[in-house]
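Each residue of the sequence shown is one higher than the last, beginning at 48 in our numbering. I have placed the structure first, in the form of structure tokens, so that the comments after it can refer back to it.
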Amino acid sequence: MAAAAPERPTYRTIPILALSTSELEALSKSMKLSLSGADMEAVRAYYQEQGREPTDVELEVIAQTWSEHCKHRIFSARIQHTRDGKTEEIDGIFKTFIRKISLGIMDSKPGFVLSAFTDNAGFIEIDPGLAACLKVETHNHPSAIEPYAGANTGLGGVIRDILGAGKGAKPVASLDVFCFGRPDTKPEQIRAKDVIHPLGVMRGVVRGVRDYGNRMGIPTVGGAIQFDDTFCYNPLVFCGTAGVIPSSEIAKEVIPGHLIIA
48 MAAAAPERPT YRTIPILALS TSELEALSKS MKLSLSGADM EAVRAYYQEQ
98 GREPTDVELE VIAQTWSEHC KHRIFSARIQ HTRDGKTEEI DGIFKTFIRK
148 ISLGIMDSKP GFVLSAFTDN AGFIEIDPGL AACLKVETHN HPSAIEPYAG
198 ANTGLGGVIR DILGAGKGAK PVASLDVFCF GRPDTKPEQI RAKDVIHPLG
248 VMRGVVRGVR DYGNRMGIPT VGGAIQFDDT FCYNPLVFCG TAGVIPSSEI
298 AKEVIPGHLI IA
């Protein structure tokens, strides 16, 4: 008996051109796009220029690429800080605690860091002609919603970035840091609906990271775990992968005529 043919993927048009700002906000909420009224107005303006309505697929892609998880608009933003009646504008956490410190280290140790903030991972020299590349990321909220898949794709993302670093590095080892709510938390102490108990989150996250790396032959060589009530509703799931690459293979460029293989 022949197998049934898979269903043909479908999409639908979402009319937004004639919607008011409040209606756009309601649409964003109903589709769970998490886009603000200003975001939706920008989307509407673009499709007005195109002279057509967007599809549901296009709106989902925009919502993903503009999300805080992917774009880090808050993480990278300028922040207005008011204290004792005085307001100042300061750089966000990425520019101050990550980029600024890293650039300071690079200035103090010339030649040690071969590349940073320009590719899918950073590169440091480990031997003449050989570099290590490192990439870490968090997958916190996805792991709070679905611990196994959230952590699984968290580690998978950094392995992918090592593979895409330079002209292609070789992943060799991974690490992780996890912060969860207290394992002895009583269910009645969790003051929100649809929140997975810290024990359930921990078990799913550990299995997710373990399975993704082990099945690719990439060992997890280090890690840490911490329990605190502050992580009951949103855990910290921090994953990283290290790879090796010839220094000559770090620089890359896109040249007309190159093909994309998908």
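All C-beta atoms in this analysis are idealised placements derived from N, C-alpha and C, irrespective of residue type, glycine included.
Fully enclosed beta strand (DSSP E) runs of no fewer than 3 residues occupy 217 to 227 of the region 210 to 266, in order along the chain. Counting along the chain, Cys180 sits inside the beta strand (DSSP E) bounded by residues 177 to 185.
Shown here for Thr267: same chain residues with a beta carbon closer than 6 Å to its own, the five before and five after excluded, namely Ser221, Gly260 in chain order.
In this structure, DSSP gives Ser162 an extended state, which the three-state scheme calls strand. Straight-line measurement puts the Cα of Glu300 at about 16 Å from the Cα of Ile308. Put simply, the backbone Cα of Ala52 is about 27 Å away from that of Val108. For Arg207, same chain residues with a beta-carbon under 6 Å away, outside a window of 5 residues either side, do not exist. Beta-carbon to beta-carbon, Gly197 and Val284 are separated by about 7 Å, close enough to satisfy the 8 Å threshold.
By a beta-carbon distance limit of 8 Å, Ser83 does not contact Leu177. Their separation comes to about 46 Å. Beta-carbon to beta-carbon, Pro62 and Glu105 are separated by about 13 Å, too far to satisfy the 8 Å threshold. Ranked by how close their Cα comes to the Cα of Gly290, the residues Ile152, Gly304, Ile243, Gly215 have Gly215 in first place. In this structure, Gly213 sits near Asp166, with a CB-CB distance shorter than 8 Å. About 5 Å separates the CB atoms of Phe141 and Ser123; that is less than 8 Å, so the two are in contact. At the C-beta level, Val252 and Phe225 come within 8 Å of one another.
C-alpha of His305 to C-alpha of Gly211: approximately 16 Å in a straight line.
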